[in-house]
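Asker: In terms of our numbering, the sequence shown is residues -10 to 171.
Mind having a look at this structure? Questions to follow.
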Amino acid sequence: MQLKPPFKIAVLAFIVIYINACSGNVIPDLSRLYKTAELPSRSRQAHSNDIQPPVILLHGAFGSRLNDRETNEEHWPGSLWRILFSDYEDIALAIDAESLMPATSTLVATDVTDEVVGKDYYGAIIRTLEQVGGYARGIPGEKKDADGRQYYLFVYDWREDNAQTSLQSFSSRLRDDVMRNS
-10 MQLKPPFKIA
0 VLAFIVIYIN
10 ACSGNVIPDL
20 SRLYKTAELP
30 SRSRQAHSND
40 IQPPVILLHG
50 AFGSRLNDRE
60 TNEEHWPGSL
70 WRILFSDYED
80 IALAIDAESL
90 MPATSTLVAT
100 DVTDEVVGKD
110 YYGAIIRTLE
120 QVGGYARGIP
130 GEKKDADGRQ
140 YYLFVYDWRE
150 DNAQTSLQSF
160 SSRLRDDVMR
170 NS
């Protein structure tokens, strides 16, 4: 059975539209998004950024670099060779037999794994916050920039439970900083 010309044109048009819809790589206008996300100010003299709540970036599992506390040698993630062929015995978290809690480790979380083996994980979101969103990296307890948006990295040892890594304490310190700088 042969298709009639109008039906062939309709099928061809559908295929072209379908392929075009699937292949599009639409990049959102992030500068417009961040500009419209400004909050109204509390007073006419205040800048809208003054009351912009801080952003806390929480990485996922395997998302922080683990370094030796004394030598600063990186144990995670390390090189491609290490990622592919290590048994990871050196980063295994010992468990106390009596309390069933993690034993003290010589490894500490130092920063997020922004890039591993050429794959960008958290670097893109940090660059977007800084370059497009106008955010500056803040450190809890330090005075924030007078007029800017702040983001904070909650870097924790992903081998432990978040409750153990004091996320609540971290957010409380940020809340105190925001109140002190308001």
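Glycine residues also receive a C-beta, built at the ideal position from the N, C-alpha and C atoms.
Source: prediction; values computed, not measured.
Assuming Leu55 and Asp146 are in contact, meaning their beta carbons sit under 8 angstroms apart, how far apart are those beta carbons, in whole angstroms?
Answerer: Reading the sequence shown from its first residue, position 66 is the one you call residue 55. Reading the sequence shown from its first residue, position 157 is the one you call residue 146. Confirmed, about 7 angstroms.
Asker: Reducing DSSP to helix, strand and coil, say where Leu55 ends up.
Answerer: On the sequence shown, position 66 is the one that residue 55 refers to. In this structure, Leu55 counts as strand in the three-state DSSP scheme.
Asker: Once you ignore the five residues that flank Glu104 on each side, which residues in its own chain have a CB closer than 7 angstroms to its CB?
Answerer: By one-based count along the sequence shown, residue 104 stands at place 115. Result list for Glu104: Tyr110 and Gly112, in chain order.
Asker: Can you tell me whether DSSP reads Arg21 as helix, strand or coil?
Answerer: As a working note, residue 21 is residue 32 in the sequence shown. In the structure shown, Arg21 sits in a helix (DSSP, three-state: H, G or I).
Asker: Using a 10 Å radius around the Cβ and a threshold of 16 neighbouring Cβ atoms, would you call Arg148 buried or exposed?
Answerer: Residue 148 sits at position 159 when you count from the first residue of the sequence shown. With 16 or more other Cβ atoms within 10 Å, it is buried.
Asker: Contact check, Leu163 vs Tyr140 under 8 angstroms by CB: the rounded distance?
Answerer: Here residue 163 refers to the residue found at position 174 of the sequence shown. Here residue 140 refers to the residue found at position 151 of the sequence shown. Going by Cβ atoms, the distance from Leu163 to Tyr140 rounds to 11 angstroms, so no, they are not a contact pair.
Asker: Which word fits Ser20, buried or exposed, when buried means at least 16 other C-beta atoms lie within 10 angstroms of its C-beta?
Answerer: Locating residue 20 in the sequence shown gives position 31, where the first residue counts as 1. Per the 10 Å Cβ criterion, exposed.
Asker: According to DSSP, is Gln139 helix, strand or coil?
Answerer: Residue mapping note: residue 139 aligns to position 150 of the sequence shown, counting from 1. Reduced to three states, the DSSP call for Gln139 is strand.
Asker: What do you get for Arg58, buried or exposed, if any count of 16 or more other CB atoms within 10 angstroms of its CB means buried?
Answerer: Working through the sequence shown from its first residue, we reach residue 58 at position 69. The residue in question, Arg58, is exposed, as its Cβ has fewer than 16 Cβ neighbours within 10 Å.
Asker: Taking only three categories from DSSP, how would you classify Val0?
Answerer: Reading the sequence shown from its first residue, position 11 is the one you call residue 0. Here Val0 sits in helix by DSSP.
Asker: Contact check, Asp166 vs Gly130 under 8 angstroms by CB: the rounded distance?
Answerer: Here residue 166 corresponds to residue number 177 of the sequence shown, with the count starting at 1. Here residue 130 corresponds to residue number 141 of the sequence shown, with the count starting at 1. 7 angstroms between Cβ atoms; contact.
Asker: May I have the straight-line CA-CA distance separating His64 from Gly122, to the nearest angstrom?
Answerer: What you label residue 64 is simply residue 75 of the sequence shown in a count that begins at 1. What you label residue 122 is simply residue 133 of the sequence shown in a count that begins at 1. In a straight line, the C-alpha of His64 is about 33 angstroms away from that of Gly122.
Asker: Relative to the C-alpha of Val101, which candidate in Ser88, Ala81, Arg126 and Ala92 has its C-alpha closest?
Answerer: Reading the sequence shown from its first residue, position 112 is the one you call residue 101. Closest option to Val101, Cα to Cα, is Arg126.
Asker: By alpha-carbon positions, which one of Asp150, Pro42 and Asn61 ends up nearest to Ile84?
Answerer: For this step, residue 84 is matched to residue 95 along the sequence shown. Of Asp150, Pro42 and Asn61, the residue nearest in Cα terms is Asp150.
Asker: Alpha carbons only, please: which of Ser158, Ile115 and Ser161 is nearest the one belonging to Leu46?
Answerer: Position 57 of the sequence shown, counting from 1, holds the residue named residue 46. That would be Ile115, whose Cα lies nearest to the Cα of Leu46.
Asker: How many Å lie between His48 and Phe143 at the Cα?
Answerer: To locate residue 48, count along the sequence shown from 1; it is residue 59. To locate residue 143, count along the sequence shown from 1; it is residue 154. Their Cα atoms are separated by approximately 7 angstroms.
Asker: Residues bridged to Trp65 by DSSP?
Answerer: Residue numbering aside, residue 65 sits at position 76 when the sequence shown is read from its first letter. Answer is Leu55.
Asker: Mapping the DSSP letters down to three states, classify Val144 as helix, strand or coil.
Answerer: The sequence position of residue 144 within the sequence shown is 155, counting from 1. Three-state DSSP puts Val144 in coil, outside helix and strand.
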